[in-house]
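Heads up: the protein sequence lines correspond to chains Y and V, in order.
Numbering that gives the first Met the number 0 puts the first sequence at residues 0 to 247.
Numbering that gives the first Met the number 0 puts the second sequence at residues 0 to 247.
Protein chains: 2
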Amino acid sequence: MGTTQLETVPEPKYWHLKTVLGEALDSDFSVGEILPNERELAARFGVARATLRQALEQLELEGRLQRRRGVGTTVAPPRMGVDVSTTQHQWPGAGEDAWQPVDCAPVVPPAAVARLLDQDTGAGETVHGVRRLRMTHSQAVAAEMLYIPSGSVPELTAIDAPSGPARARSVLRELQRLSLEGQDRAVELGSARADDAKELDRLPGAPVLVVTTRYISGGRTVAVSVATYRADTCRLTFGDAGDLQIAS
Amino acid sequence: MGTTQLETVPEPKYWHLKTVLGEALDSDFSVGEILPNERELAARFGVARATLRQALEQLELEGRLQRRRGVGTTVAPPRMGVDVSTTQHQWPGAGEDAWQPVDCAPVVPPAAVARLLDQDTGAGETVHGVRRLRMTHSQAVAAEMLYIPSGSVPELTAIDAPSGPARARSVLRELQRLSLEGQDRAVELGSARADDAKELDRLPGAPVLVVTTRYISGGRTVAVSVATYRADTCRLTFGDAGDLQIAS
């Protein structure tokens with residue numbers, strides 16, 4: 000984040016190069032422009048290829064550069080602010096929602112999710128797995144798996160919508176019968192699973208921001224959502240500035 | 000996050016290994032235990048060293064493993080939940096606070112911060128830079144730079160505390176005279192600056208979670224905080240479950 004007078008710590012070479020390169024991106028390049036190849040860049044800045052590569056990796060982590068196969072390294076547009084605030088007390092799928100239901104199938108929740116769900120059922124038991132995508136400008140910015148135990152939707156029947164997006168909507172509609180008492184979220188660093196990576200147009204293992212949400216009703220966790228956001232293009236926003244309408 | 004029946008996408012070799020290794024960590028190793036060296040592990044799982052290394056990197060990204068110089072690769076403890084919710088309307092340094100003021104000096108805010116601050120002053124002008132650390136069990140989990148324009152603390156004098164933590168406290172005390180109308184936060188992926196990395200006991204460039212907060216008073220952004228959290232050990236929590244007292 001720029002140079003400050005408090006920075007008295009000696010910086011490694013690639014870090015210094017990263018700063019210099021970052022300034023060059025601001026002044027000499029425009030968004031979407033393709034960078035010269037590594038050999039040229041290394042020569043221009045008088046550094047070894049390995050040093051250059053480290054600096055490029057840093058700039059990619061910070062969302063300044065995008066590397067795409069067959070295209071090369073391009074200057075990334077500013078990250079998109081994606082609202083993940085919990086100020087609206089709302090069930091998934093209720094009201095206006097950027098999420099698009101894709102599928103629903105029985106899934107065995109991973110151990111970490113099973114621990115969050117107040118399940119009376121034993122380990123290894125299946126729950127409803129609602130798969131959704133968060134779309135922005137017809138691009139998926141996040142992929143979600145919503146884990147909903149049968150006990151949370153007791154009146155669900157298999158008759159009218161046995162599978163697919165229609166089934167997902169039925170499960171969410173049943174969930175919305177419960178009264179939502181609270182929800183909480185956690186954000187952490189993760190790596191994209193193969194199925195998420197495919198939806199998000201990333202390689203498996205790419206760094207992602209994982210947002211875990213617990214939905215609480217009757218003092219219990221009745222649903223858990225694990226949503227995977229692209230870390231390269233997204234900035235997760237949350238807060239209570241609400242009506243103040245501050246430009247972002 | 001485990002195996003589900005929706006996973007029909009073919010997975011690359013290192014990804015499959017990662018899953019197998021993750022399960023082995025659960026069943027055969029305990030927190031803090033040192034893993035066998037790469038050669039041994041590669042032989043045990045019948046994979047190439049390069050494949051093994053990719054899988055280890057994934058597990059490190061997910062916070063399952065820690066690599067420490069001179070120690071080797073150890074099984075990481077579960078990530079620590081660190082509250083970053085904005086439900087408490089409070090100025091930095093007001094009331095109980097996990098943050099410890101370390102220093103205060105004039106700094107030139109980076110371009111991204113200058114854009115957030117509603118500054119009448121020109122570009123390149125200095126603001127008060129309050130440096131704080133967020134301590135948990137006497138370890139720094141986050142390092143912060145708080146940017147406060149002179150206009151936000153007009154009655155501050157240089158007399159009683161010209162520098163250091165005392166100066167930082169004076170600036171925060173003056174800031175608290177304003178009425179806090181709102182705040183908002185954004186979380187994004189970043190890489191640790193050299194000075195932050197040193198405080199957080201990480202290498203420069205390590206992945207970090209960057210939390211940017213705008214403090215609003217009189218309809219203007221009067222202070223901006225850029226806090227860098229360790230991504231390996233921290234899970235950022237926010238939400239309104241509040242009094243529900245759910246085990247995390």
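For glycine and all other residues, C-beta sits at the position ideal for the given N, C-alpha and C.
A quick note: this is a predicted structure, and the numbers were derived from the prediction, not measured.
{"Item": "Beta-carbon proximity check, V/ASP195 vs V/ALA142, cutoff 9 Å", "Value": "yes"}
{"Item": "Unbroken beta strand (DSSP E) run spanning Y/GLY223, endpoints", "Value": "For clarity, residue 223 of chain Y is Val in the given sequence; the question names Gly instead. Residues 219–229."}
{"Item": "Other residues of its chain near V/ARG48: CB distance less than 8 Å, five sequence neighbours each side excluded", "Value": "GLU37, ARG38, ALA41"}
{"Item": "Contact set between the stretch 179–192 of chain Y and chain V, restricted to residues whose Cβ is under 8 Å from the partner", "Value": "GLU180, GLY181, GLN182, ASP183, ARG184, ALA185, VAL186, GLU187, LEU188, GLY189, SER190, ARG192"}
{"Item": "Cutoff 9 Å: Y/TRP98 Cβ touching any chain V Cβ", "Value": "no"}
{"Item": "Beta carbon of Y/VAL83 nearer than 9 Å to that of Y/LEU235", "Value": "yes"}
{"Item": "Same chain, Cβ closer than 6 Å to Y/ARG201, neighbours up to 5 away in sequence not counted", "Value": "ALA191"}
{"Item": "Per-residue DSSP class, three states only, for Y/TRP14", "Value": "helix"}
{"Item": "Coil, strand or helix - Y/PHE237 by DSSP", "Value": "strand"}
{"Item": "Closer than 7 Å at the beta carbon, the chain V residues around Y/TRP14", "Value": "ALA193, PRO203, GLY204"}
{"Item": "As assigned by DSSP and simplified to three states, the class of V/PRO203", "Value": "coil"}
{"Item": "C-beta contact flag for Y/CYS103 and Y/ARG130 at 9 Å", "Value": "yes"}
{"Item": "Segment limits, alpha helix (DSSP H) that includes Y/GLN53", "Value": "48–60"}
{"Item": "Collapsed DSSP secondary structure at V/VAL83 in the structure displayed", "Value": "coil"}
{"Item": "Contact with chain V by Y/PRO11, beta-carbon distance below 9 Å", "Value": "yes"}
{"Item": "Within chain Y, partners of V/GLY80 - CB distance below 9 Å", "Value": "ALA185"}
{"Item": "Beta-bridge pairing of Y/SER216 - partner residues as DSSP gives them", "Value": "Y/ARG219"}
{"Item": "Y/GLN65 at chain V interface by Cβ criterion, 9 Å", "Value": "no"}
{"Item": "Assigned exposure category for Y/ALA110 - 16 Cβ within 10 Å defines buried", "Value": "exposed"}
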